[in-house]
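See below for the structure under consideration.
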Amino acid sequence: MRPPRIRVPRIPSRRARRPGSLRAKLTLSGIAMLATGIVVATCISLVGVKHYLMSAIDADLLRTRDGIEQARPTADRIAAIGTVAKLNGTLSPDDLGHATGGTLLFAAIGADGEATKVAGIRTDARQRALAAAVTDPAALVNASQPRDVHVDGRLHRATAVRLGDGQLVVLASSVSSVHKVMAKVVRLELAVGVVLMAGLGTASFFGARRRLRPLEDMVETASAIAEGSPDGEEGPDGLGLSRRVAAPPDKHSVSEVEQLRLALNAMLHQVEAAFLTREHAAAQLRRFVADASHELRTPLAAIRGYLQLYERGMLTEDEERTRALARMTAESERMARLVDELLALARLDQRPELRPRAVDVARLVEESLADLSAQQPDRPVELTVGPRDGNGEGEGCVALADEAVLRQVVGNLVANVRVHTPVAARLDVSVTRVPAEDGHDGRDGDVRDGSDEDAGARGPLDGERIVLRVADEGPGMAPQDAARIFDRFFRTGSAQGSGLGMSVVRAGTEAQGGTVHVTTAPGAGLAVTVTLPGTDGGAPEGGDEKSPEESGQARLAASRTMVTSDSAPTRTGGPHAPAPRVT
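At position 135 of the sequence shown (counting the first as 1) the number is 135 in UniProt numbering, and the numbers step up by one without a gap.
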């Protein structure tokens with residue numbers, strides 16, 4: 001089944017994005033906010049200026065009215081003086097204020113409400129218009145503040161005062177000067193606002209362009225990756241995933257844009273790593289399938305060849321038929337073992353849910369060595385079991401592991417010695433317990449040219465550990481071969497076997513939170529050290545069994561595999577000697 005094809009939307013070019021770009025929106029937003037601020041400030045200032053000027057006019061009217069009331073003049077006195085202007089001249093300037101200039105309009109109101117002539121107060125058109133505009137002169141006398149009246153269509157502020165003889169006089173002042181001042185203020189603030197908006201718009205445009213430049217770099221980088229990096233900067237993945245967004249000139253910036261740039265670069269790094277990991281896994285899978293096909297094809301070809309010989313009647317002798325049947329049986333068994341090992345690796349690769357329990361490692365080793373002695377009775381074998389300090393031999397070598405998987409690991413280690421070393425080669429096996437307070441990790445010597453690619457990311461086992469060491473006196477391995485000992489289907493020269501045994505050892509050990517370490521050198525034999533988590537004094541199988549939760553399954557830490565090219569490994573001194581130093 002083919003995977004669905006994902007249609008990648010085309011990212012518009014920078015020119016196509018310009019009309020609705022974030023830069024333009026930010027600039028327009030700044031101008032709009034400035035314009036709103038200017039309008040609000042203008043309105044507030046106009047209200048304040050108008051209130052101030054109107055208050056000044058009202059104050060002038062009230063001071064003039066109060067001055068006339070204090071003088072208590074009569075019409076006869078006004079006539080004697082000559083005019084109201086002269087009357088004002090006889091008053092104190094503090095009482096009359098600024099109303100003594102030509103800004104006030106006086107009108108004497110008769111009993112009929114019409115303008116009447118009083119000495120010094122004329123009855124021309126303006127006085128008559130003022131008298132007509134005042135509908136209730138008596139109310140103006142009693143009002144504490146001047147009121148609005150419209151004289152010839154123009155707004156005036158007016159108040160009234162009674163003379164000493166009861167004559168009513170209306171005082172009014174035009175507010176046209178206020179309107180003129182306000183018009184000037186509006187024009188001035190509009191001019192200043194336009195200049196400010198132009199300056200702010202320009203500064204905002206270039207400022208946004210500078211600040212948003214990293215965003216454009218991000219878009220260009222993402223577009224180049226989505227389009228296959230047309231600029232030719234492809235990385236090892238061939239898609240340009242190695243591209244990164246360059247840092248801005250201001251390297252100390254901690255703005256949101258800089259945080260986004262760092263997050264995008266981190267994401268691209270993760271995507272590139274995941275892509276390369278997937279490609280590496282796919283290449284390994286292709287190589288694995290090819291190797292598996294080749295390994296399965298060999299026994300199948302042999303079986304098919306013998307069957308064709310038998311079908312054509314070329315196996316006429318009983319001895320020939322017996323030999324052919326034996327070869328077909330051997331090849332079928334080889335193919336079955338290969339399939340079993342492939343299935344075991346597949347199950348371990350899927351990270352199955354193991355059932356760790358207290359397992360006596362020494363018992364499993366003894367059973368595997370018994371099988372080896374039955375197959376190769378002439379091979380010298382020595383087994384040493386006990387704690388590192390030699391106190392209480394055979395006591396406490398209990399690991400927290402899945403018994404079926406651990407049995408397969410031990411069996412493959414012993415089978416590796418049986419298949420790849422001469423019968424006369426000595427085999428030394430030791431099982432020891434390392435206390436929790438001991439910092440020993442089961443390695444023998446320093447790691448100098450191994451294949452521990454991720455040792456720095458995986459810490460040593462915590463708590464008590466069980467160390468299994470299988471050392472032979474076989475031909476050993478060259479450093480370049482030792483570095484590939486755990487690769488699947490790897491075999492040296494004309495070595496027999498499927499090339500999966502050590503892969504199963506590593507996968508099974510790692511699945512249980514253990515580590516594997518190999519020490520070898522040409523002509524110096526091979527030593528494999530397996531370190532497993534202990535049970536901290538738990539009973540072996542058959543005693544008080546612990547549940548997976550109680551057995552501390554969470555202690556299965558990440559594991560690591562190391563190969564060392566070194567001198568011949570250390571041997572035990574005898575059946576009753578202390579266990580060798582397993583490092």
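In this text, a Cβ means the ideal position worked out from N, Cα and C, and glycines have one as well.
- If you draw a straight line from the Cα of residue 247 to the Cα of residue 214, it is about 8 Å long.
- In this structure, the straight-line span from the alpha carbon of residue 283 to that of residue 490 is close to 16 Å.
- For residue 503, the uninterrupted alpha helix (DSSP H) segment begins and ends at 501 to 511.
- Beta-bridge partners of residue 466 (DSSP): 433 and 532.
- Beta-bridge partners of residue 526 (DSSP): 472 and 520.
- Contact check for residue 472 against residue 431 fails: the beta carbons are separated by 8 Å or more.
- By the Cβ criterion, the segment 153 to 170 is not in contact with the segment 197 to 210, since fewer than three pairs of Cβ atoms, one from each stretch, lie closer than 8 Å.
- Measuring C-alpha to C-alpha distances from residue 504 to each of 337, 296 and 325 identifies 337 as the nearest.
- The continuous beta strand (DSSP E) containing residue 360 extends over residues 357 to 360.
- Taking residue 260 as reference, the option from 181, 217, 178 and 508 with the minimal CA-CA separation is 217.
- Annotation for residue 114: no alpha helix (DSSP H) segment contains it, and DSSP assigns it neither H nor E.
- Shown here, residue 148 sits in a strand according to DSSP, grouped into three states.
- Here residue 322 carries a helix assignment [DSSP, helix/strand/coil].
- Residue 273 and residue 507 have their alpha carbons spaced roughly 23 Å apart.
- When only Cα atoms are considered, residue 191 and residue 38 end up about 11 Å apart.
- Buried is the label assigned to residue 173, since at least 16 other Cβ atoms lie within 10 Å of its Cβ.
- Remark: C-beta atoms of residue 359 and residue 311 do not approach each other more closely than 8 Å.
- For residue 168, the enclosing beta strand (DSSP E) starts and ends at 168 to 174.
- Bridge pairing for residue 161: 169 [DSSP].
- DSSP, reduced to helix, strand and coil, places residue 107 within a strand of the structure shown.
- Contact check for residue 511 and residue 519: beta-carbon distance about 23 Å, past the 8 Å limit, so the pair fails to qualify.
- In this structure, the CA atom of residue 66 is about 34 Å from the CA atom of residue 43.
- Between residue 410 and residue 434, the gap from beta carbon to beta carbon reaches 8 Å or more.
- A contact is defined here as three or more CB-CB pairs under 8 Å, and the segment 317 to 331 meets this definition with respect to the segment 297 to 304.
- With a cutoff of 8 Å on beta-carbon distance, residue 533 and residue 399 are scored as near each other.
- Per DSSP, residue 410 is not a residue of any beta strand (DSSP E); the alpha helix (DSSP H) it occupies stretches across 403 to 420.
- Taking the Cα of residue 152 as reference, the smallest distance to any Cα among 180, 182, 143 and 131 is reached at 131.
- Distance check between residue 424 and each of 169, 341, 373 and 412 places 373 closest, using alpha-carbon atoms only.
- When secondary structure is reduced to three states using DSSP, residue 428 falls in the strand class.
- The Cβ atoms of residue 476 and residue 523 sit closer than 8 Å to each other.
- In the DSSP assignment, residue 384 falls within the unbroken beta strand (DSSP E) covering 381 to 385.
- In the three-state reduction of the DSSP assignment, residue 515 falls in the strand class, which pools E and B.
- Judged by DSSP secondary structure, residue 43 falls within the alpha helix (DSSP H) whose first and last residues are 22 to 71.
- When the Cα atoms are used, residue 114 and residue 128 turn out to be separated by approximately 7 Å.
- Burial of residue 469 is indicated by the presence of at least 16 other C-beta atoms within 10 angstroms of its C-beta.
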